[in-house]
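Colleague:
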Amino acid sequence: MEQNSLPRVTVAFFGKRNAGKSSLVNAITAQDMSIVSEIKGTTTDPVKKTMELLPLGPVVIIDTPGIDDEGELGQLRIEKTRRILDSVQIAVLVKDCREKKFSPEEKYLLDEFKNKKVPCVVALNKCDLAEDEENCVSMEENSESCIFVSALSKKNIEGLKNKIASLRPQQHKVPFVKDLLKPKDTVVLVIPIDKAAPEGRLILPQQIALRDILDAQAVPVCTSVENLSYVLEILSQKPAMVITDSQAFAQVDKIVPEEIPLTSFSILMSRFKGTLEHSAECVKKIDELKSGDRVLISEGCTHHRQCGDIGTQKIPALLKKYSGRELAFDFTSGGTFPEDLSAYTLVIHCGGCMLNEKEMQSREEYCRKQGVPFTNYGMAIAFMNGILKRTLEIPGFTF
1 MEQNSLPRVT VAFFGKRNAG KSSLVNAITA QDMSIVSEIK GTTTDPVKKT MELLPLGPVV
61 IIDTPGIDDE GELGQLRIEK TRRILDSVQI AVLVKDCREK KFSPEEKYLL DEFKNKKVPC
121 VVALNKCDLA EDEENCVSME ENSESCIFVS ALSKKNIEGL KNKIASLRPQ QHKVPFVKDL
181 LKPKDTVVLV IPIDKAAPEG RLILPQQIAL RDILDAQAVP VCTSVENLSY VLEILSQKPA
241 MVITDSQAFA QVDKIVPEEI PLTSFSILMS RFKGTLEHSA ECVKKIDELK SGDRVLISEG
301 CTHHRQCGDI GTQKIPALLK KYSGRELAFD FTSGGTFPED LSAYTLVIHC GGCMLNEKEM
361 QSREEYCRKQ GVPFTNYGMA IAFMNGILKR TLEIPGFTF
């Protein structure tokens, strides 16, 4: 399990073909992560590697195709490269230092980094082949972010790693749940065991909750829905909170007394990712759905869909029953999320445990700019069961 106190930082390498991106990635990671060739366009799809990179720590390294790729297929690769910026937390622009000026493609990337508020390093590569660094590319206004390096001779590789590490984003301002607890508080975690539950393991939000509760010196108690009443009876003190899987909200709400705070992993994850306030406001748009409206239901992971899947079956069925309308649905998962949302009346997203904070907020921002309401699985289910107010009224729960 990856501790939520030390999330992986996503670092992506951008640039033109043959700037030496893949060679530089291999030099920094000390691994043959990417195929290297003199042939332009060798990297045809983003290549990702999860690893430890000192002095930065846990990272996801991404090597991207050249931003100057050609042809129809090349344009698709460029689009993939551009969309990666939605999740990137640190960008490295790799440039052949022997070129005197920044190309239009490189200037475009620098502008995109600025627009999307992605801190960047400009790695002026192949300095071992240059006769004189002073006669190389003009650093212009980007001088502070530039560093001369050589993937081949390994010159300044450690300096580049230190420069990247200096741009590490701040830790989450809001913890998952530990700021809501006191030492020795009891927290009941309701974990349904059904067809959708992965055999032999807990899903990431459940793992993060357990670790956060332990970090708070509180006491986690795990149970299935079927044993929840029994657990509440045998506890010697009232739980400080009950956290449930969202799809069990209706059952759990009937069992847990009103005086015990109740919320879900999905709602806590929305708070953790910084999308809670907007999602809580937009969920009310469910009451305005009309027949023929199209709803996008999006998940950040790519798990195998099974019978009774929450995203493709349970939420659509609940929406139709609650609204009494004939609605149309589209579904996306993993890294797929449309930029053009004009076809949709509402977007309902999972908690986003497999997406970093940057990507979740980027998706929310796409919706906000296009005037499409964006909400969360847990909030949608709570709203349609008439318990949204209860699930947000947690002591210390501010947004």
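Residue numbers for the sequence shown follow the UniProt record's numbering, so the first one is 1 and each next one is one higher. Where a beta carbon is used, it is the ideal one built from N, C-alpha and C, also for glycine. Values in this document were obtained by computation on a predicted structure and should not be read as measured data.
#1: Under three-state DSSP, which class holds G15?
#2: By Cβ distance below 6 angstroms, which residues in the same chain neighbour P316 in space, the five residues on each side in sequence not counted?
#3: Can you tell me whether E141 is helix, strand or coil according to DSSP?
#4: Are I147 and L160 touching if we call contact CB-CB under 7 angstroms?
#5: Would you list the residues sitting across from L53 in a DSSP beta bridge?
#6: Looking at C-alpha atoms only, which residue of M384, M354, P338, S266 is the closest neighbour of K321?
#7: For the beta strand (DSSP E) that contains P205, what are its first and last residues?
#8: Give the single residue among M354, K314, E364 whose Cα lies nearest to the Cα of P338.
#9: So, do the region 223 to 231 and the region 349 to 359 have three or more beta carbon pairs nearer to each other than 8 angstroms?
#10: Between the C-alpha atoms of K154 and D63, what's the straight-line distance to the nearest angstrom?
#11: Check F176 in the structure and name its three-state DSSP category.
#12: Counting only runs that start and end within the UniProt domain "Hydrogen maturase F tetramerization" (280 to 394), where is the alpha helix (DSSP H) found for 4 or more residues in a row?
#13: When you compare each of V177, T336, G200 to R83 by their alpha carbons, which one comes out closest?
#14: Closest Cβ-Cβ distance between M269 and chain E: below 7 angstroms?
#15: Once the 5 residues before and after V177 are set aside, which same chain residues still bring their CB inside 8 angstroms of it?
#16: Using CA atoms only, rank isn't needed, just tell me which of A123, V122, Y108 is closest to K116.
#17: Could you name the residues that DSSP lists as bridge partners for P220?
#18: Closer than 8 angstroms by C-beta to C301: which residues in its own chain qualify, once you throw out the five before and the five after it? Chain order, please.
#19: Using a Cβ distance threshold of 8 angstroms, determine whether the region 366 to 378 contacts the region 271 to 285, with at least three qualifying pairs required.
#20: Skipping 5 residues on each side, what residues in its chain have a beta carbon closer than 6 angstroms to that of E141?
#21: Applying the 10 Å Cβ sphere with the 16-neighbour rule, what's the burial state of K16?
#22: Rounded to the nearest angstrom, what separates R390 and R271 at their Cα positions?
#23: Please work out which residues of its chain come closer than 6 angstroms, Cβ to Cβ, to L296, disregarding the five sequence neighbours upstream and downstream, and give them in chain order.
#24: By DSSP, does K273 sit in helix, in strand, or in coil?
#25: Give every residue of the same chain whose Cβ lies closer than 8 angstroms to the Cβ of residue 408, excluding the five residues on either side of it in the sequence, and list them in chain order.
#26: Near P192, what residues of its chain come up, given a Cβ to Cβ distance below 6 angstroms and the 5 sequence neighbours on each side ignored?
#27: Check whether the Cβ atoms of L181 and A218 sit closer than 7 angstroms, and answer yes or no.
#28: Measuring CA to CA, which of M51, Q206, V190 is closest to Y230?
#29: List the whole-angstrom C-beta distance separating Q89 from T10, where the pair is believed to meet the contact cut-off of C-beta under 8 angstroms.
#30: State yes or no: is the C-beta of C120 within less than 7 angstroms of the C-beta of S145?
#31: Closest to residue 403 by CA distance: which of P220, I255, Q251 is it?
#32: What's the C-alpha gap between I387 and L228?
#33: Give me the Cα-Cα distance between A27 and I157, rounded to the nearest whole angstrom.
#34: Could you tell me which residues DSSP puts in a beta bridge with F148?
#35: In terms of residue numbering, what span does the beta strand (DSSP E) encompassing D96 cover?
#36: Alpha carbon to alpha carbon, how far is V47 from V25? Give it in angstroms, no decimals.
Modeller: To lay it out plainly:
#1: strand
#2: F329
#3: Legend: pLDDT at E141 = 49, less than 50; position of this residue unreliable, no value from coordinates given.
#4: yes
#5: In the DSSP assignment, the residues bridged to L53 are G57.
#6: M384
#7: Taken as a continuous stretch (DSSP letters only), P205 belongs to no beta strand (DSSP E), being part of the alpha helix (DSSP H) at 204 to 215.
#8: E364
#9: no
#10: Going from the Cα of K154 to the Cα of D63 covers about 18 angstroms.
#11: coil
#12: As far as the UniProt domain "Hydrogen maturase F tetramerization" (280 to 394) is concerned, its whole alpha helix (DSSP H) runs of at least 4 residues are 315 to 323, 357 to 369, 377 to 384, 388 to 392.
#13: T336
#14: Absent from the structure: chain E. Only one protein chain is present.
#15: V187, A209, D212, I213, A216, M241, I243, L268
#16: Y108
#17: V187
#18: S333, G334, C350, C353, M354
#19: yes
#20: For E141, the predicted structure reports a pLDDT of 49, less than 50, and the residue's modelled location is therefore unreliable. A value from the coordinates is still provided. Taken in chain order, the list of residues that qualify is empty.
#21: buried
#22: 15 angstroms
#23: D330, Y344, V347
#24: helix
#25: No answer is possible for residue 408: it lies beyond the span of the chain, which begins at 1 and ends at 399.
#26: V225, D245, A248.
#27: yes
#28: V190
#29: 5 angstroms
#30: yes
#31: The question about residue 403 has no answer, for the chain in this structure spans 1 to 399.
#32: 18 angstroms
#33: 7 angstroms
#34: L124
#35: 90 to 96
#36: 10 angstroms
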